[in-house]
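Each residue of the sequence shown is one higher than the one before, counting from 381 in our numbering.
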Amino acid sequence: MECRILSIGNELLIGDTVNTNASWLGDVLTEAGVDVTHIYTIGDDLKRMKEILSEALSSTDLVITTGGLGPTHDDITKRAVTELFDCELVLKDSVLEFIKEVFKKRNIPFSKSNYHQAEVPDCCEVLFNTQGTAPGMWFDRGSVRLAVLPGVPHEMKHLVNEKVIPKVRAINGDTEFRRSYYITTAGIGESTLSDEVVGSLGDVLPKHVSVAYLPSPQGTRIRISAYGSSDKEINARINPVRNHIKQQAEKYIIGEGKDLDLAKAVGDLLATRDLTLGTAESCTGGYLSNAITDVPGSSRYMMGGLIAYANQVKIDQLGVLSDDLNNYGAVSKPVALQMAKGVAKRVGADIGVSTTGIAGPGG
């Protein structure tokens, strides 16, 4: 089954909102064995919306739209679909009562504009949204299906998991699905990792398996993906490639798993060894502490941090020797070492980590 995704809203085009819905949908649908071939981002323009919808519906098996289902004048997705399918918008009592109940539970007054959210095309199956007030809609048009979903991420995800994916699996039957396995590396760039470390993958890479490199400031994740009709079949295809990469890149690997990054790997190591950490940052200005404390449970090992941008702060708060700052400069090994030792002592941590460097042309 092939799929096209339409993300709707002017806020996506002008940069006010990042389109996280499309990336999440691509991941979930691919895992379910759906081949996502196109992702569109379009504004709140009725004519253009109908044109793109018409093109997508005539070229694929499944179309999913997100956004444009709210109660305001610029929420026009329902109108576009209704006109395209030559249906009528009708006020459905079951939807109206459902929405009113949501407002009642949240102790929010029900306004006149919210009646519009109870209007749905008379040619759709309503996907009741227990996470919000905008219902989703499912259209079965013979060889193609259309799912119209709200743009609020947690509402969209709920409807996809509870309504759309079960429908897709029922249509697909026992088709192959995809699983991915992740290896996280640090201390090596994406191109070097690809060319020098795992460059010989061609010898062991079967046609059912693909490898991708996902770089970030904390390191590069290697994603190994394979299709199969069962987890056992997929694992049999992935494992030779996984073992080859682990052997070639052993000294750069910090762990395995989709959500693992350098900060989490360090945190897991500290927690396992019952050690605590303190950070002293100059050029990174708090980035290191932020990355560490972004990990759930980091309070087990993170004692505290200090941003010592100015040399005087390095002297007063971390005990860095003024002579070393004068002789070696702030960006030097002796100063970095004193910063690390100083912050460990100041916050009572087992380990101190420091950063110092030149952040830009102005220092």
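Quick reminder that beta carbons are idealized off the backbone N, C-alpha and C, glycines included.
Keep in mind that this is a model prediction, so the values were computed, not measured.
Check	Outcome
Residue of GLU556, TRP404, ALA498 and ALA629 minimising C-alpha distance to GLU412	The sequence shown places Ala at residue 412, rather than the Glu named in the question. Nearest option by C-alpha distance: GLU556.
8 Å contact criterion, which MET381 and ASP415 should meet: CB distance rounded	7 Å
Beta carbon of TYR632 nearer than 8 Å to that of GLY685	no
Pair within 8 Å by beta-carbon distance, GLU636 and PRO595	no
Coarse secondary structure for MET381, derived from DSSP in three states	coil
Classification of GLU661 by the beta-carbon crowding that lies within 10 angstroms, buried from 16 upward	buried
C-alpha distance - VAL723 paired with ARG384, whole-angstrom precision	52 Å
Nearest residue (CA-CA) to PRO620, options ALA643, LEU642, PRO586 and SER610	PRO586
GLU613, enclosing alpha helix (DSSP H) - first and last residue	611 to 628
PHE483 (DSSP reduced to helix, strand or coil)	helix
Nearest residue (CA-CA) to ASN670, options LYS484, LEU642 and SER712	LEU642
Where the alpha helix (DSSP H) containing THR462 begins and where it ends	457 to 464
THR446: CB within 7 Å of a non-hydrogen atom of the ligand SAH	The ligand SAH is absent from the structure shown, which contains no ligands of any kind.
Neighbour-count burial assignment, LEU649, 16 or more Cβ in a 10 Å radius	exposed
Outcome for GLY450 when other beta-carbon atoms lying within 10 angstroms are tallied against a minimum of 16	buried
Element boundaries [beta strand (DSSP E), containing LEU526]	525 to 529
Length of the line joining the Cα atoms of ARG559 and LYS612	11 Å
Contact set for LEU409: own chain, Cβ-Cβ below 7 Å, skip 5 residues either direction	CYS383 and VAL416
Extent of the continuous alpha helix (DSSP H) run through ILE551	545 to 552
Residue interval of the alpha helix (DSSP H) (run including LEU668)	667 to 673
Own chain partners of ALA460 with C-beta closer than 7 Å, once the 5 adjacent residues on each side are dropped	LEU426, MET429, LYS430 and LEU433
Sufficient close CB pairs (3 or more, under 8 Å) joining the region 522 to 531 to the region 470 to 487	no
Beta-ladder partner(s) of MET517, from DSSP	VAL506 and VAL528
7 Å CB neighbourhood of THR652 in its chain, flanking five on each side removed	none
Distance between ASN623 and GLY393 (C-alpha atoms, nearest Å)	For clarity, residue 393 is Leu in the given sequence; the question names Gly instead. The straight-line gap from Cα to Cα measures roughly 42 Å.
Residue burial classification, ALA716 (beta-carbon count within 10 angstroms, cutoff 16)	buried
Reference THR352; option with closest CA among MET719, ASP730, PRO533 and LYS725	Because the chain is modelled from 381 through 743, residue 352 falls outside the range shown and cannot be assessed.
Selection from GLN692, TYR681, ILE625 and SER580 that minimises the alpha carbon distance to VAL727	TYR681
Spatial neighbours of ILE687 in its chain, beta-carbon cut-off 7 Å, leaving aside the 5 residues before and after	GLU661, GLY665 and GLY666
Cβ separation of ASP424 and ASP454, assumed to be a contact under 8 Å, to the nearest whole Å	5 Å
Span of the beta strand (DSSP E), counted from its first residue to its last, around ILE634	633 to 636
Among VAL500, ILE618 and GLY599, nearest to LEU573 - alpha-carbon criterion	GLY599
Straight-line Cα distance separating SER590 from THR565	18 Å
Local Cβ density within 10 Å of VAL711, reported as buried at 16 or more and exposed below that	exposed
Outcome for LYS492 when other beta-carbon atoms lying within 10 angstroms are tallied against a minimum of 16	exposed
Boundaries of the alpha helix (DSSP H) in which PRO714 is found, first to last residue	713 to 727
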